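S.K.:
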Amino acid sequence: AQTVTQSQPEMSVQEAETVTLSCTYDTSESNYYLFWYKQPPSRQMILVIRQEAYKQQNATENRFSVNFQKAAKSFSLKISDSQLGDTAMYFCAFHGQGGSEKLVFGKGTKLTVNP
Amino acid sequence: DTEVTQTPKHLVMGMTNKKSLKCEQHMGHRAMYWYKQKAKKPPELMFVYSYEKLSINESVPSRFSPECPNSSLLNLHLHALQPEDSALYLCASLPPGQGPNEQYFGPGTRLTVT
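Top to bottom, those sequences are chains A and B.
Here our numbering = 1-based position in the first sequence + 1343.
Here our numbering = 1-based position in the second sequence + 213.
(1) Sorted by chain position, which residues of the same chain lie with C-beta nearer than 7 Å to residue 1406 of chain A's C-beta, five sequence neighbours on each side aside?
(2) Give me, in chain order, the residues of the same chain whose beta-carbon lies closer than 8 Å to that of residue 286 of chain B; leave out the 5 immediate sequence neighbours on both sides.
(3) Counting only beta-carbon atoms, is residue 1345 of chain A nearer than 8 Å to chain B?
(4) For residue 296 of chain B, which three-state DSSP category applies?
(5) For residue 286 of chain B, which of helix, strand or coil comes out of DSSP?
(6) Once the 5 residues before and after residue 1418 of chain A are set aside, which same chain residues still bring their CB inside 7 Å of it?
(7) Between the C-alpha atoms of residue 1353 of chain A and residue 1426 of chain A, what's the straight-line distance to the nearest angstrom?
(8) Quick one: residues in its chain with C-beta nearer than 8 Å to the C-beta of residue 1400 of chain A, no 5 flanking neighbours on either side, listed in chain order?
(9) Please state if the CB of residue 307 of chain B and the CB of residue 239 of chain B are separated by a distance shorter than 8 Å.
(10) Out of B/283, B/254, B/218, which has the shortest C-alpha to C-alpha gap to residue 264 of chain B?
(11) Using three-state DSSP, classify residue 1439 of chain A as helix, strand or coil.
(12) Can you list the residues of chain A that residue 234 of chain B reaches, using a CB-CB cut of under 7 Å?
(13) So, for residue 1375 of chain A: in the same chain, excluding its five sequence neighbours on each side, which residues have a beta-carbon less than 7 Å away from its beta-carbon?
(14) Considering only residues of the same chain and omitting the five flanking positions on each side of residue 1416 of chain A, which have a CB-CB separation below 8 Å?
(15) Can the beta-carbon of residue 321 of chain B be found less than 8 Å from the beta-carbon of residue 218 of chain B?
Have a look at this one:
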């Protein structure tokens, strides 16, 4: 069974600075998708960024980028120029391609951006 | 229409009540999900409907009863709940096509059982 580990329960960063959230996973599959979801306080969970395992190039979405290390099974999220609106729970998630429709979540990292 | 909607936003119910949660999407998605989420925890999968058929039931107690009347609508019927069932209930949907894809989440229903 797949597992996703987020080793940082809480993090904080100053506005305009850069922060990196860690995520490791375990799977025997060769092809899969990885996601970072953001859930602001009392607000909707939204997708931040996705990475397809067969693509070597790291995904980037504006201020958000990932460092995907397939051999190390690592998928960290870098947030540049942090903004107050980035304050949220961040969940790393894995979706295999073995026919399962399940999304496996990590326990989450609570990020606080301080002014 | 590119969103998942859920009603009601908030629900308070007694342990003897019967209530239902509703989820809708009009994006032609192929699967719909119910999750339960406690504060500061990841969502826990409850049920998955794939092409309107129940494909996954994560050993959820029978006091939770899902229903998928059509491809756009998902209900969760609640009966004789316990205080520990108080949580945020999230609905999500999955686009069509082969292979995995990101799930689209609704805003959730915050349920309080008294």
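Virtual Cβ for every residue (Gly too), placed ideally from N, Cα, C.
Owing to the predicted nature of the structure, the values given are computational and were not obtained by experimental measurement.
M.R.: A quick look at the data gives this:
(1) Translated into positions along the first sequence, residue 1406 of chain A becomes position 63. Closer than 7 Å at the Cβ level, and outside the excluded window around residue 1406 of chain A, lie 1422, 1423, 1424.
(2) Here residue 286 of chain B corresponds to residue number 73 of the second sequence, with the count starting at 1. Contacts found: 235, 236, 237.
(3) Here the question's residue 1345 of chain A lines up with position 2 in the first sequence. Not closer than 8 Å to any Cβ of chain B, the Cβ of residue 1345 of chain A fails to qualify, so no.
(4) Here residue 296 of chain B is taken as the residue at index 83 of the second sequence, counted from 1. Reduced to three states, the DSSP call for residue 296 of chain B is helix.
(5) What you label residue 286 of chain B is simply residue 73 of the second sequence in a count that begins at 1. Strand, per DSSP.
(6) Reading the first sequence from its first residue, position 75 is the one you call residue 1418 of chain A. Only 1366, 1368, 1377, 1394, 1409, 1411, 1435 meet the Cβ criterion.
(7) The count along the first sequence starts at 1 and reaches residue 1353 of chain A at position 10. The count along the first sequence starts at 1 and reaches residue 1426 of chain A at position 83. Answer to the nearest angstrom: the Cα atoms are 17 Å apart.
(8) In the first sequence, counting from the first residue as 1, residue 1400 of chain A sits at position 57. So the list is empty, once near-sequence residues are dropped.
(9) As a position in the second sequence, residue 239 of chain B is number 26, starting the count at 1. As a position in the second sequence, residue 307 of chain B is number 94, starting the count at 1. Cβ distance not < 8 Å, so residue 239 of chain B and residue 307 of chain B don't count as in contact.
(10) Reading the second sequence from its first residue, position 51 is the one you call residue 264 of chain B. Selected option, being the one with the closest Cα: B/283.
(11) Counting from 1 along the first sequence, the entry for residue 1439 of chain A is found at position 96. Residue 1439 of chain A falls in the strand class under three-state DSSP.
(12) In the second sequence, counting from the first residue as 1, residue 234 of chain B sits at position 21. By Cβ distance, chain A contributes nothing, its closest Cβ being about 16 Å from residue 234 of chain B, past 7 Å.
(13) Reading the first sequence from its first residue, position 32 is the one you call residue 1375 of chain A. These residues qualify, in order along the chain: 1396, 1437, 1438, 1439, 1440.
(14) The residue given as residue 1416 of chain A occupies position 73 in the first sequence. Same-chain partners within the cutoff: 1367, 1368, 1369, 1370.
(15) Stepping through the second sequence from its first residue, residue 321 of chain B is reached at position 108. Stepping through the second sequence from its first residue, residue 218 of chain B is reached at position 5. Not in contact: residue 321 of chain B and residue 218 of chain B (Cβ atoms no closer than 8 Å).
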